[in-house]
Structures are given as structure tokens and as C-alpha cells.
Amino acid sequence: MGRNSCCLKPKLRKGLWSPEEDEKLFNYITTFGVGCWSSVPKLAGLERCGKSCRLRWINYLRPDLKRGMFSQQEEDLIISLHEVLGNRWAQIAAQLPGRTDNEIKNFWNSCLKKKLMKQGIDPATHKPLEENMEAIKDEKKNSTYNNEKPKMEAIHHHHHHHLHGNISKINEESSQHFVNKIEFDSLSSYLNGENNNNSNNNGGGFSWESENKLENLLEFQTNQMKNLEFKGSSSVEESKIIQNQINSATFGSYHPLMSMSENERAGSFGIFHHI
DNA sequence: AACAGGTTCAACCGCGACTTA
DNA sequence: ATAAGTCGCGGTTGAACCTGT
1 MGRNSCCLKP KLRKGLWSPE EDEKLFNYIT TFGVGCWSSV PKLAGLERCG KSCRLRWINY
61 LRPDLKRGMF SQQEEDLIIS LHEVLGNRWA QIAAQLPGRT DNEIKNFWNS CLKKKLMKQG
121 IDPATHKPLE ENMEAIKDEK KNSTYNNEKP KMEAIHHHHH HHLHGNISKI NEESSQHFVN
181 KIEFDSLSSY LNGENNNNSN NNGGGFSWES ENKLENLLEF QTNQMKNLEF KGSSSVEESK
241 IIQNQINSAT FGSYHPLMSM SENERAGSFG IFHHI
């Protein structure tokens, strides 16, 4: 179709956002809401393109954003979701309240990928690295045969093992519930190609239908996480213990840059104190 | 202290999908 | 039907920061 990028227009600012710009955008969106992004900069008095404003709001200014490190539960969930969804960051982010696709993508690329590699797991396939090498060899060997079924069985087995391993960290009851649900409601039907309406869909590959089926079970796990983090204990003491467990399970992704700019922003305009 | 190399993450870019005129 | 505008996504970039020497 050929159109100019909005950011190519002269005069428009690029790069890091100043606290003043943040304030203008924040005040505008909280007052008038999110409407047409292309008109936001003009109405908010910003020399930015609408796209840049949208991104800034979604990734940084939105009041419902969760700040700080990813919890162990979030980490497990991201890995599990990535295993099923691949690099569909927006869909993964949709299952983690308060997290953005950009944040999760960065976390994946900077931390989780390496962590999986260290564990001998290929972050792209979520299979053991050696198994991958063998699979490649086999594929070359048997390239004329139809390998679909054995492959799917291997993946199913792996999902069973991996998902169970991840979820057991949350707690036994929820893990059992989750595993039951994920295995019998969604993954097994997806992985076994029993997806009624889409059985002819890409020869058993990923489909939107199967993805939709995931929503319920993902919502379930998210709720479990919420329960664990915010409700799960009846006393303050218990919740402290759980919070400590969560904190101790996390690993260093907390960025001073983030906290610094957060403080800077909070200090630079008081409106954030009201959120 | 100074520098180099590595890491992190906010922001940009290009593209496809969707909507509107 | 289609051109133009808009939105949202995923990949990439580069400045800021960290760490080791």
C-alpha cells in the first residue's frame, strides 16, 4: 500500500521520553481515555507520533502495570506458555496480568533463554538439546517417511513431563488440577490432533481453536497464581512466608534503570502517588 | 581509575490485519 | 472494490548500566 511511517514526519521527537512528556501523556489518557492514538499527541501537546504514545502508555505508563522482578510462578508460566504458543508475546502477556509483551519478550531473550540453555533445553523447541540433535539426524535419515505421529508423541510426552515439573512448584493441589486440566482439556487433544473442527488444519499444527481452548486453563493457572500471591494465606504471617518464597525463587532481572526511572518519574510529578 | 566487553530494556521499525471513507 | 488510515505485533537497535580486568 505504501505509506509513510508516522515517525518519519519531521519535527516529531524520537528516543527516550522525558518526565514532562510522560506527565502530558498520562494526564491526557487518564482524563480522556484511550481513543484514537493518532490524535493523542496533538491533543496531549506532544511532538510524538501516535504509535510512540501508544507504546509508551502500554509499556510504561499504564497504571495497572506490575513492576519489578518476575516471580517464579510467572517464570514457569512464561516457559510453559512459550512452549505452546511460541513467540506470541502478546498472547503470553495476556495471561500475565500487569505484564507487557515487550517486558516478557525482553525477559525471555535476556534471561529465560539462557536459563533453559544452561539446563540443556533448547529454548526454541523446549526439548533437550541432545534430543534435538538426534531428531535432526533422524529427520535426515527418514526424510522420505511420514514422521508426524512419532514427533507428536514425543512432544506430548515432553509437555506432560515439563508442564508437570513446572506446576508442581506452585503447590500440589493446584498443580494436580492444572495438569489434569491442561492434559485432558487442551494439550492432549491438540497434540493428538483431536481438534474436531480443525482436524485438517495444517496437518495437526497449531490452530486458533486449540489456542482458544487454552484460555480457560491459562486463566485457571493465573488465578492460582493470584491466589497464591494475594489470597492464598489466611494470616499475615503466612502471606509473608509465601511472599518470601516467591522472592527467593526469583532471580536477578530487576533493573536499577527501571527503579531509577520509576522513582524519578514518581518524584517528578505527584500524580502517580494517586494511582 | 579507566577501559572493554557483556547485558538489559525502552523504544523504534516494518509489516500484516483490520477499519473507514 | 480499493486506497488510505490505524492498530497491534514481533524483531531489532542502541543507550545506559554492569562487571571484570
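Residue numbering for the first sequence follows UniProt numbering, beginning at 1 and increasing consecutively. Yeah, the Cβ is synthetic: ideal placement off N, Cα and C, and Gly gets one too.
Cβ-Cβ distance between residue i and residue j below 7 Å
i	j	result
Leu46	Glu21	yes
Gln72	Leu81	no
Leu112	Asp122	no
Gly50	Val40	yes
Arg62	Trp37	no
Phe70	Phe107	yes
Limits of the unbroken alpha helix (DSSP H) element including residue i
i	result
Met117	113–118
Cys53	50–56
Val40	40–44
Lys105	101–107
Asn27	19–32
Asp76	72–85
Trp89	89–94
Same chain only: Cβ atoms within 7 Å of residue i, ignoring 5 sequence neighbours per side
i	result
Arg13	Glu47, Arg48
Trp17	Arg56
Ile58	Thr100
Met117	Pro123
Lys105	Trp89
Residue i (DSSP reduced to helix, strand or coil)
i	result
Pro128	strand
Arg13	coil
Ser188	Confidence is the limiting factor: at Ser188 the pLDDT is only 34, short of 50, which leaves the residue's position unreliable and the question unanswerable from this model.
Tyr60	helix
Nearest residue (CA-CA) to residue i, options the options
i	options	result
Gly98	Gln119, His126, Tyr60, Gly15	Tyr60
Ser52	Pro19, Leu25, Leu129	Leu25
His126	Asn27, Asn102, Asn87, Thr100	Asn87
Asn109	Leu65, Ile78, Arg67	Ile78
Lys115	Arg54, Val84, Glu75, Lys11	Glu75
Glu103	Glu83, Thr30, Arg67, Pro19	Arg67
Lys11	Pro19, Leu85, Lys42	Lys42
Contact set for residue i: own chain, Cβ-Cβ below 6 Å, skip 5 residues either direction
i	result
Asp101	Trp89, Ala90, Ala93
Tyr28	Ala44
Leu65	Gly98
Asn15	Per the sequence shown, residue 15 should be read as Gly rather than Asn. Same-chain partners within the cutoff: there are none.
Glu83	His126
Nonlocal neighbours in the same chain, by C-beta distance under 8 Å from residue i, ignoring five residues either side
i	result
Gly120	Pro128, Leu129, Glu130
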